[in-house]
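Residue numbers (our numbering): 12 to 435.
For glycine and all other residues, C-beta sits at the position ideal for the given N, C-alpha and C.
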Ligand code: LLP
């Protein structure tokens, strides 16, 4: 459920028409609905009520401070993967005990900053990282709370670029090595071994891979308990998919939670009242945002009909990178409008610069506004300055009000860190 809808043929975000925002801030811009973000979070949160849990929204999906703040106010914790994301959650005043730190390449300075902040858990992905955290904690005179991220070797049945739980992926600790590494971790003087973590991929549309992975890690939890290493936290990562296309519906968060909780009910982890951690990103933010762009030109090619936007692959790279489908809606719907088979493209000098190919869409004209749907997750956060294009504005809507929560980048900002080679 989201808060984007037509009223009298104008596309609204909550109570604000998108054309009104376009007039005020120019195009392109990302527009997020606060009510949708919070609704998605609450649905997810409530689905896990039967079990002690902490929902750590995955910051990488959409890291705008106003978005993070909207979730913090609903009780979210955060899953971070860099010192930069740590700085963001610190900036919004997130209590450190609601932060988990994932990622295969944590640097010494990132680890130190997180230790000083006092985060809940480091999700550790290699023996090298484990040793580094132990040493840095020792130097600071602190204890580091850790979980090992286990690679359960299950196929998430999603796009290869966003699969992470297979043996051939760089992520996590191989299942077979887990026990030995837990023993080693338990002997390290500056670590508190508190958890087990696993994340198998993103945009999953079936429940079986989640359940398979959970079964595998529950076996390991039992084994560890018998070894005298009982774990307090089980982090099952993120990955639940969202509907991008009509008719292809991934499981509702309620079903997802139901499937996981059913597996957990009789586990010794549940009997010990362990805390479940989840790291959803896309399912919270994806359908809470759109990218609004204006048609610059329409062009009759030899074979194709092109609608050329003022937004490009640098603003939303998902179609180019994953061949991802994003629905495209006119901001003003015209009754009885003719439809055309269309390629919606950007101004960038690459053929991969498209938003839709061979799609039947209303016959757009130069100057029309359109909205690229499901762009709230991995949209702005993956944007770049390719072709020296300033990053677009971000707008948050709350009821009948809107605010620019990230100004459009200026050309000055874009070049401010550059200089010519100094003259001798
Ligand atoms: N936890 C970990 C350790 C992750 O690596 C990820 C996503 C998440 C949680 C959140 O996953 P989600 O609930 O959003 O599926 N750029 C790609 C998606 C990359 C996902 C990377 N990891 C895309 O645009 O589809």
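In summary, residue 412 is exposed, with fewer than 16 beta-carbon neighbours lying within 10 Å of its beta-carbon over all protein chains present.
Within the model, the alpha-carbon separation for residue 201 versus residue 129 is close to 14 Å.
Ranked by Cα distance from residue 109, the options 330, 136, 156 are led by 156. Annotation note: the region 277-360 contains the following uninterrupted alpha helix (DSSP H) runs of length 4 or greater, listed N- to C-terminal: 279-282, 293-296, 329-333.
In this model, residue 326 and residue 71 are separated by some 16 Å (Cα to Cα). Residue 99 is bridged by DSSP to nothing; it lacks a bridge partner. Taking non-hydrogen atoms of the ligand LLP into account, the C-beta of residue 173 is found less than 6 Å away from one of them. At a cut-off of 3 residues, the continuous stretches assigned as beta strand (DSSP E) that sit fully inside the region 382-432 are 404-409, 412-417. For the ligand LLP, a non-hydrogen atom lies closer than 6 Å to the CB of residue 72. Counting along the chain, the unbroken alpha helix (DSSP H) around residue 225 starts and ends at 219-237.
By the Cβ test, the region 208-216 is in contact with the region 161-169, since at least three Cβ pairs between them sit closer than 8 Å. The C-beta of residue 300 has 16 or more other C-beta atoms within 10 Å across all chains shown, which makes the residue buried. Assignment of residue 94 by DSSP, reduced to helix, strand and coil, places it in the helix class. A Cβ-Cβ contact shorter than 7 Å links residue 375 with residue 318.
When secondary structure is reduced to three states using DSSP, residue 64 falls in the strand class.
Under the three-state reduction of DSSP output, residue 368 falls in the strand class. One Cα belongs to residue 218, the other to residue 270, and the distance between them is close to 7 Å.
The residue from 380, 100, 277 with its alpha-carbon nearest to that of residue 225 is 277. Classified as exposed, residue 427 has fewer than 16 neighbouring CB atoms from the shown chains inside 10 Å of its CB. For residue 44, the uninterrupted beta strand (DSSP E) segment begins and ends at 40-44.
In the DSSP assignment, residue 204 forms a beta bridge with 157.
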